[in-house]
Amino acid sequence: MCPEDCNLCYLACPRVSLPKEEIGKRIFPEGVEYKEELGKFLEILAVRAKDENILEKAQDGGAVTAILSYALDKGLIKGVVSMKSEEWRPKATISKSKEELLATAGTIYSSGTSLPLLRRISHEGN
Numbered sequence: 001m002c003p004e005d006c007n008l009c010y011l012a013c014p015r016v017s018l019p020k021e022e023i024g025k026r027i028f029p030e031g032v033e034y035k036e037e038l039g040k041f042l043e044i045l046a047v048r049a050k051d052e053n054i055l056e057k058a059q060d061g062g063a064v065t066a067i068l069s070y071a072l073d074k075g076l077i078k079g080v081v082s083m084k085s086e087e088w089r090p091k092a093t094i095s096k097s098k099e100e101l102l103a104t105a106g107t108i109y110s111s112g113t114s115l116p117l118l119r120r121i122s123h124e125g126n
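With the working numbering applied, the sequence shown covers 1 to 126.
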């Protein structure tokens, strides 16, 4: 559990400084309902992974990890660009199996970039 005055997740979150009102107008020009706490939305669902291995590693229910794991297992995707922690420093990596994906599960309270890895992948064609 984080201390009350930690704020690391808030400071590292890339969404904090975005102009929500302007982005909302561009994405939802038809005027979907807006809630300050959530922004604009069409539907809200609460989901949680069923896989115990995912739940042990995941930060908040493991839904994204479960969906990506399923997509990898079924051959719907070749890999996932995700971040792994190296002493609290995020490093972009490619996960091509459930095991590799699980090694990157959880939250890293620091910002990192995946752009160099994505650029390399686009040039290699993998």
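Glycine included, each C-beta is placed from N, C-alpha and C at the ideal position.
- Around the beta-carbon of Ser111, fewer than 16 other beta-carbon atoms lie within 10 Å, marking it exposed.
- Counted as a single uninterrupted DSSP element, the alpha helix (DSSP H) harbouring Val64 occupies residues Ala63 to Asp73.
- In the structure shown, Lys84 falls within a strand segment according to DSSP collapsed to helix, strand and coil.
- When the alpha-carbon of Leu115 is set against those of Ser82, Leu72 and Lys35, the nearest one is in Ser82.
- Per the C-alpha coordinates, the member of Leu102, Ile121 and Ile108 positioned closest to Ala66 is Leu102.
- Nearest to Leu68 by C-alpha distance, out of Glu100, Pro90 and Ala12, is Glu100.
- Checking the DSSP bridge columns, you'll see Thr93 partnered with Ser82.
- Distance check between Leu117 and each of Lys98, Ser97, Pro29 and Pro90 places Pro90 closest, using alpha-carbon atoms only.
- Taken through DSSP and simplified to helix, strand or coil, Lys50 comes out as coil.
- By the C-beta density criterion, Ala105 is buried, having at least 16 other C-beta atoms within 10 angstroms.
- Rounded to the nearest whole angstrom, the CA to CA distance from Lys84 to Leu76 is 22 Å.
- Between Thr107 and Asp51, the gap from beta carbon to beta carbon reaches 9 Å or more.
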